[in-house]
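Enquirer: Just so you know, we're using the numbering used here here: the sequence shown kicks off at 1 and counts up by one.
Beta carbons: idealized from backbone N, C-alpha and C, even for Gly.
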Amino acid sequence: MEEAKFFFGLGRFVAGPKTKWLTLIIWIIIAAVLSIVAPSVSKEENNNAALLPSTSASVQATNLVQKAFPSAKGTPALLVFYDKSGLSVKDFSNIQAIAKSLGDHKVNGELSVVPLNQVPSYVLPTLASKDKTTIVLPVTFSSSIASSDLQNSLTTMQKQIDTAIGFNPFKASLSASGLHARVSGPAGIAVDALGLFKGADLALLIATTFLVLILLIILYRSPILAIIPLIGVGVAYSVISAILGLLAKSGAIVVDAQGVSIMTVLLFGAGTDYCLFLVARYRERLFQERDRYQAITQAVGGASGAILMSGLTVMLALLSLLFATYGSDHRFAIPFFVAIFVMAIVGLTFIPALLAVFGRVAFFPFIPRVLTEESQLSKRQARKLAKQNDPNRFSFGRFVAKNPIAIASSAIVILAILGSFATQIHFTYNLLSSFPKTMPSREGFTLLADHFSPGTLAPVNVITKGGNEASVTSTLSKLPFVQSVSSPKVSKKDNTLLSYSVTLKEDPYSLVAISDIPKIRSALTALPTGNAPSQVYLGGETSTQYDTKALTESDTRIVIPIVIAIIAILLLLYLRSIVAMIYLIATVLLSYFSSLGLGWIVLHNFMGVTAIAGAIPLYAFVFLVALGEDYNIFMISRIWQESRTNTLAKAVEIGVNKTGSVITSAGLILAGTFAVLASLPIQILVQFGIVTAIGVLLDTFIVRPFLVPSLTIILGKLAFWPSKRSITVK
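1) Of all the options 140, 316, 694, which has the alpha carbon lying nearest to the alpha carbon of residue 75?
2) Hey, would you say residue 242 sits closer than 9 Å to residue 77, going by beta carbons?
3) With a threshold of 7 Å on Cβ separation, who are the neighbours of residue 304 within its own chain once the five nearest residues in sequence on each side are excluded?
4) Can you list, in chain order, the residues of its chain with a C-beta nearer than 8 Å to that of residue 635? Leave out the 5 residues immediately preceding and following it.
5) At a threshold of 8 Å, does residue 170 count as lining the ligand COA (C-beta to nearest heavy atom)?
6) On a CA-only basis, which of 320, 135, 670 is nearest residue 561? Give me that one, please.
7) Exposed or buried, residue 309, counting other C-beta atoms within 10 Å across all chains shown (16 or more means buried)?
8) CB-CB under 7 Å to residue 239, same chain, minus the five flanking residues each way: which ones, in chain order?
9) Where does residue 381 fall in DSSP's three states?
10) Thinking residue 620 and residue 689 are a contact (beta carbons under 8 Å), I'd like their distance in whole angstroms, please.
11) Which word fits residue 413, buried or exposed, when buried means at least 16 other C-beta atoms lie within 10 angstroms of its C-beta?
12) With DSSP collapsed to three states, give me the class of residue 536.
13) Thinking C-alpha only, which one of 712, 126, 612, 679 is nearest residue 643?
14) From the DSSP output, in three-state form, read off residue 483 for me.
15) For the pair the stretch 431 to 441 and the stretch 470 to 478, tell me if three or more CB-CB distances fall below 8 Å.
16) Please classify residue 430 as buried or exposed, where buried requires at least 16 other C-beta atoms within 10 Å of its C-beta.
17) Report yes if the C-beta distance between residue 231 and residue 223 is below 9 Å; otherwise report no.
18) What does residue 463 pair with, by DSSP beta-bridge criteria?
19) Pick out the complete beta strand (DSSP E) segments inside the stretch 166 to 251, 3 residues or longer, and give them in chain order.
20) Can you tell me whether residue 292 is buried or exposed, with buried defined as 16 or more other CB within 10 angstroms of its CB?
21) With a threshold of 16 other CB atoms inside 10 Å of the CB of residue 426, please say whether the residue is buried or exposed.
22) Along the chain, where does the alpha helix (DSSP H) that runs through residue 583 open and close?
23) Can a CB atom of chain C be found closer than 9 Å to the CB of residue 442?
24) Closest to residue 115 by C-alpha separation, out of 122, 137, 401, 369, would be which residue?
25) Please name the residue in 256, 397, 361, 122 whose C-alpha comes closest to that of residue 193.
26) Residue 469 to residue 46, Cα distance in whole Å?
27) Where DSSP assigns a beta bridge to residue 427, which residues make up the other side?
28) Just checking my contact of residue 628 with residue 420 at CB under 8 Å: how many whole Å lie between their CB atoms?
29) Can you list, in chain order, the stretches of the alpha helix (DSSP H) that have 4 or more residues and sit fully within the stretch 270 to 357?
30) Under a Cβ-count criterion, where at least 16 other Cβ atoms within 10 Å of its own Cβ denotes burial, should residue 606 be classed as buried or exposed?
31) Nearest to residue 504 by CA position, among 459, 490, 365, is which residue?
Structural data, given as structure tokens:
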């Protein structure tokens, strides 16, 4: 075939006796030049980019508030003061001193502070919580201030407070006696998020590199072979970081810390897998070829099709995230596409050249050598070489080939049982729940939630245009889930615009509260003509969570069918079999649901997670389906090749044996790299890493070695339909 000739030619070109050095030099120059002239992607991260589109109702409400109600403009920082034994007279005196200091000496970006120092001392306790342990001092900052500047301002503010009252209430643990303070609200959350991601990229890169190195040494027992994939991934990372840095700097794309973290583990996992696919073929050929250049040429020719197809599958599946509307989902597409694209090219050019340089020495101390006639006559030598030449389990492949129905049935039952637990998953769309419980802004939030009415944490901002004020107020007050309704504020720019602060009875971040948002709109628009507002805008955190939930669910409904269609087309073009395309996709879908189910069991029962981030199903689907088909393609292509000269049962046996070791190794490394995300302090990444790692392991140890080959045997010749192959089923 022409494509086979191309790949064999590619192997000769990039890894020949002389051209191997040229290949290495070219890549090193590219990586070096880009690292010098281009910024790294981590320096161009934007963690404040909008998550919701401008057409979202909550964003429109926020924009309207900023224009029509300028006094409400700004980013609030909620200074939450707490004393577990109850706020004393001295505590209230200190809080008033703090309010006066912040009012008299404003820090950079500060617009205003509630003047609690002007409140009579006998009135101040009435502003505290019912148990008199907690009180809030709101400080408003400019909405245009950068997160880094806001961080500096809050640091300066804490020093100023230390000077004003003689001690720093932000440092001590909340369990200690005395007055404590925490900065919460949008400003506090933004600053904590900045500190949370600071240094995370480097720590993740180091941890992932170390883990992959250890796994490679354990799996291959060769220090040189363990380093080769890491060198390839390192070169690829340098190029990718520079390319993404340039794109981000030019404004072509937006990258955030979350995306960079996932891209890092994806690159190491998928990149190492591609290297292992090639190394497996190279090692196999070294047992049959004396010339290492001939061996690497044949290895590239034999593995490139699967590597290229695998890379293309992952690239296009990730690119489908461009159809997502939610900010972080959409922003993943280009960086992940670029990462896999560059890594696939490195895997097909740089890695073969590096392997050609090291030759057989790469496998030291277990060096593969050709089985000569003399060695075959020597039992001792034969046993030694057989041990070197048998990384796969031929008995295992034979077991699968002889018991396809029992194996397929057992695998399906196990995966189905695990998948049933996916129906029990609870979701959350609260960004703050992703942060550690010990983070200051979350501690402050918890204090507010524990000591004040839940709805006071984040009232719903209802803006109406026209309508009867009394009817609107009455209607809102009578809603069963509403705690209270404030008197309306009239816009100075348009007196037909009124703003109401509506306090809910429920936690404003809960799914129950989120479901109340459309009920508020419906109640107001259902008022009789003359009383009903002509327009209703709903702002605030609960409204934002409602839009987040709606967009996340919409993205899931749109992206998942697109990913399935892309993979179906690619499989059909590569395998030329409709039946194979259907059952391969079906196995990956079954694996996906089982990974969600088992992931929920682990997260809920062993880690105390009560709800997972609403984006997890979409993230897990895109990665697990795309990466799962990687292994499908690698193994099934080998079965297809062997079926040309063997019975189908024998082809499956050989295919499972020949790919079993490399798929197991690749799966362990890929699962390990995603599991590294669990070391980060961001819950959404912890949850995503654990669910994805579980899914990869299920693919590695159940779907690929058991389910797919057994289904192939059960289907027989039908597995190739409508492609025509001259094979013997029995």
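Expert: This is what the structure gives:
1) 140
2) no
3) 7, 10, 348
4) 655, 656, 659, 663, 704, 708, 709
5) Of ligands this structure carries none, so the ligand COA is not represented either.
6) 320
7) buried
8) 30, 31, 34, 342
9) Summary for residue 381: the model assigns pLDDT 46, below 50, so the residue's position carries little reliability, and this model does not support an answer.
10) Going by Cβ atoms, the distance from residue 620 to residue 689 rounds to 10 Å, so no, they are not a contact pair.
11) exposed
12) strand
13) 712
14) strand
15) no
16) buried
17) no
18) 499, 537
19) 180 to 184
20) buried
21) exposed
22) 578 to 606
23) No chain C is part of this structure, which consists of one protein chain only.
24) 137
25) 256
26) 42 Å
27) 612
28) That belief does not hold up - the Cβ atoms of residue 628 and residue 420 are roughly 20 Å apart, past 8 Å.
29) 292 to 319
30) exposed
31) 459
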